[in-house]
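Q: Quick one: the structure is below, and I'll ask about it shortly.
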């Protein structure tokens, strides 16, 4: 009996230590650890929004000969999870910026910019010929904003999560929404006996 | 001893199913966007079950826009991921880390159109990669 117990403990030790390695993986690979919002969802949303915006005919026409300036407002998180929605808009902003079609103003850095402008104009340490001038910033023409909502349902060992991400682009002067799109994601988790 | 054998069998089964690696196949599209060349990678099975009966590309503004019709040649549902890689005229891949794997689930013997737009105007060519 003691021999059997030793073998069981040895087997359990092998089972527990079998796959506990740390390794680098592909950051773009599909992540399905659970139904919570994850990196794949973020990437899918950003790609869908950017792809759709860049092929929308009025946007194509708008960006044909100039690069409109956009200001990114927050995405309202209406899901039941704590999600860093700024991370989603950061990815969308980076992709749009890299496409060469849009430019952005960063409202989170207004105070830092003001401090730097004050330093350059008032400290007496900066050559006035190279100092950045007050009142020369370019005003944003469009505002990007949106909502992120979810519906979660559970039944026995099954969990179903539906996400809907909505993004809109509004002309600040006219108030007209020039473009809007949605991305829906459905994730279902079924727990089996051994949690595989 | 009668308890020991099933227990060990269960442990072995769990160990075998715990860690599985995904394989990758590649469908390559040539520069003129008309001929499709199937390149076998370490997952020839997946590649052999997907074909590209139709392929379109156009310029949207100055960005390359592609649409490929993927066909599941298998009679069962196929669940896989694809990624579209864009290249410039010198063969450099454009923003490789900005192109995510996208999930697609296709019913048996069905077709699905996938679309992607180049990350910037310097793209002239693209490749479609698939993996499980």
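Protein chains in written order, with the numbering used here: chain A, -19 to 176; chain B, 61 to 192.
Beta carbons: idealized from backbone N, C-alpha and C, even for Gly.
Predicted model only: the values in this text are computed from it and were never measured.
Quickly, what does DSSP pair residue 82 of chain A with across the bridge? List them, please.
A: BP columns for residue 82 of chain A are empty, so no partner.
Q: Report the three-state DSSP secondary structure of residue -14 of chain A (helix, strand or coil).
A: Residue state, collapsed to three classes: helix.
Q: Is the number of C-beta pairs between the region 8 to 22 of chain A and the region 111 to 127 of chain B that are closer than 8 Å three or more?
A: Verdict: no, contact absent.
Q: Cα separation between residue 66 of chain A and residue 76 of chain A?
A: Looking at the two C-alpha atoms, the distance is approximately 15 Å.
Q: Going by DSSP, what residue range makes up the beta strand (DSSP E) through residue 128 of chain B?
A: Counting along the chain, the beta strand (DSSP E) containing residue 128 of chain B begins and ends at 123 to 132.
Q: Looking at the structure shown, is residue 97 of chain B part of a helix, part of a strand, or coil, going by DSSP?
A: Per-residue confidence for residue 97 of chain B stands at a pLDDT of 48, beneath the threshold of 50, marking its modelled position as unreliable; the derived number appears in the next sentence. Correct three-state label for residue 97 of chain B: strand.
Q: For a quick check, are the C-beta atoms of residue 124 of chain A and residue 147 of chain A less than 8 Å apart?
A: Taking 8 Å as the Cβ cut-off, residue 124 of chain A and residue 147 of chain A qualify as a contacting pair.
Q: Based on the DSSP secondary-structure assignment, which residues constitute the bridge partners of residue 134 of chain A?
A: In DSSP, residue 134 of chain A forms a bridge with A:139.
Q: Using a Cβ cut-off of 8 Å (strictly closer), state whether residue 103 of chain B contacts chain D.
A: Among the chains of the structure shown, chain D does not appear; the protein chains present are A and B.
Q: Three-state secondary structure (DSSP) at residue 158 of chain A?
A: Looking at residue 158 of chain A - three-state DSSP - the assignment turns out to be strand.
Q: Kindly list, in the order they appear in chain B, the residues whose Cβ is closer than 8 Å to that of residue 43 of chain A.
A: What residue 43 of chain A touches in chain B: 121.
Q: Closest to residue 135 of chain A by C-alpha separation, out of A:168, A:157, A:121, would be which residue?
A: Considering only alpha carbons, the answer is A:168.
Q: Rounded to whole angstroms, what is the Cα-Cα separation between residue 14 of chain A and residue 164 of chain A?
A: Residue 14 of chain A and residue 164 of chain A: Cα-Cα distance of roughly 17 Å.
Q: Out of curiosity, what's the CA-to-CA distance linking residue 82 of chain B and residue 121 of chain A?
A: Low confidence applies to residue 82 of chain B: its pLDDT is 44, below 50, so where it sits in the model is not reliable, and the reading given next is rough at best. Looking at the two C-alpha atoms, the distance is approximately 46 Å.
Q: Closest Cβ-Cβ distance between residue 24 of chain A and chain B: below 8 Å?
A: Yes, residue 24 of chain A counts as interfacial toward chain B.
Q: Would you please verify whether the beta carbon of residue 137 of chain B is less than 8 Å from any beta carbon of chain A?
A: Closer than 8 Å: no.
Q: Look up residue 99 of chain A in the DSSP assignment and say whether it is helix, strand or coil.
A: It is helical.
Q: Measure from the alpha carbon of residue 36 of chain A to the alpha carbon of each residue in B:128, B:177, B:136, then state which is nearest.
A: Nearest option by C-alpha distance: B:177.
Q: From A:-17, A:105, A:45, A:118, pick the residue whose C-alpha is nearest to that of residue 84 of chain A; which is it?
A: Among A:-17, A:105, A:45, A:118, the Cα nearest to that of residue 84 of chain A belongs to A:118.
Q: Can you list, in chain order, the residues of its chain with a C-beta nearer than 6 Å to that of residue 133 of chain B? Leave out the 5 residues immediately preceding and following it.
A: Result list for residue 133 of chain B: 109, 111, in chain order.
Q: Are the region 23 to 32 of chain A and the region 156 to 163 of chain B touching by the rule of at least three beta carbon pairs closer than 8 Å?
A: They touch, by the three-pair rule.
Q: For the beta strand (DSSP E) that contains residue 115 of chain B, what are its first and last residues?
A: Taken as a continuous stretch (DSSP letters only), the beta strand (DSSP E) holding residue 115 of chain B covers 110 to 120.
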